[in-house]
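Residue numbers (my numbering), protein chains in the order written: chain F, 1 to 87; chain V, 1 to 145.
Below is one structure, written out as structure tokens, with a few remarks after it.
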């Protein structure tokens with residue numbers, strides 16, 4: 001029981017590092033780097049929400065994580081298509 | 001039995017955390033002056049994606065893991081494709097020949113045009129200042145004579 005809780009806390013720390021990394025990547029000059037950073041940030045926040053809800057038993061965070069993953073995917077695809085141009 | 005399952009879960013979560021930290025360090029430490037750095041970072045992003053899928057499955061969120069497992073390749077391919085079509089002057093011969101102009105995408109404007117328009121605005125302001133100073137000088141000359 002305690003091992004699972006400790007591993008979740010370790011995962012939360014790793015996710016905080018990942019979120020800071022994603023913010024740093026998003027601050028680059030290139031637009032593609034901003035796209036990569038936002039994609040990583042969406043995934044990291046979704047996983048952090050799921051982990052947080054598993055620790056504190058908050059049920060509605062799963063719905064937020066599902067919406068984040070789906071709409072993050074849609075936003076990335078749309079922005080990439082706008083950036084790449086239509087042929 | 002449940003103790004064994006919890007041990008396996010915690011082992012998977014710790015593996016995912018280690019992979020996430022390694023990928024974060026890799027994302028930060030890659031030299032940005034390298035040739036195809038964007039593709040390298042998208043490659044590292046694949047490691048983060050797989051680590052997060054492992055964590056989703058270990059946290060009993062099979063649906064989220066499965067959805068992201070399906071959507072992940074589309075995202076990575078879209079980002080690489082967008083970079084190749086818009087910014088990649090090393091590998092894309094069309095961009096190399098067009099000298100910054102992207103005819104297929106009206107949303108992208110080359111930086112040279114922007115700088116040129118900026119210089120024109122500055123030159124207009126400079127010319128107006130010069131005219132003003134010349135006129136004042138003439139007035140001063142008249143006053144002296």
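Ideal Cβ placement from N, Cα and C applies to all residues, glycine included.
Contact of residue 36 of chain V with chain F is not assigned, every C-beta pair being separated by 9 Å or more. At least 9 Å separates the CB of residue 26 of chain F from every CB of chain V. At a cut-off of 9 Å between beta carbons, residue 86 of chain V contacts chain F. Distance check between residue 18 of chain F and each of V:116, V:57, V:121 and V:44 places V:44 closest, using alpha-carbon atoms only. For residue 80 of chain F, the chain V residues whose Cβ falls inside 7 Å of its Cβ are 78, 79, 81 and 82, in order along the chain. When secondary structure is reduced to three states using DSSP, residue 61 of chain F falls in the helix class. Taking each of F:27, F:28, F:46 and F:21 in turn and checking the Cα distance to residue 25 of chain V, the smallest one comes out for F:21.
Of all residues in the stretch 56–73 of chain F, only 62, 65, 66, 69, 70, 72 and 73 place a beta-carbon less than 9 Å from a beta-carbon of chain V. Counting the other CB atoms within 10 Å of its CB gives residue 85 of chain V a total of 16 or more, which places it among the buried residues.
DSSP places residue 8 of chain F inside the alpha helix (DSSP H), whose first and last residues are 2–26. With distances taken between CA atoms, residue 47 of chain V lies nearest to V:72 out of V:5, V:87 and V:72. In the DSSP assignment, residue 75 of chain V falls within the unbroken alpha helix (DSSP H) covering 62–86.
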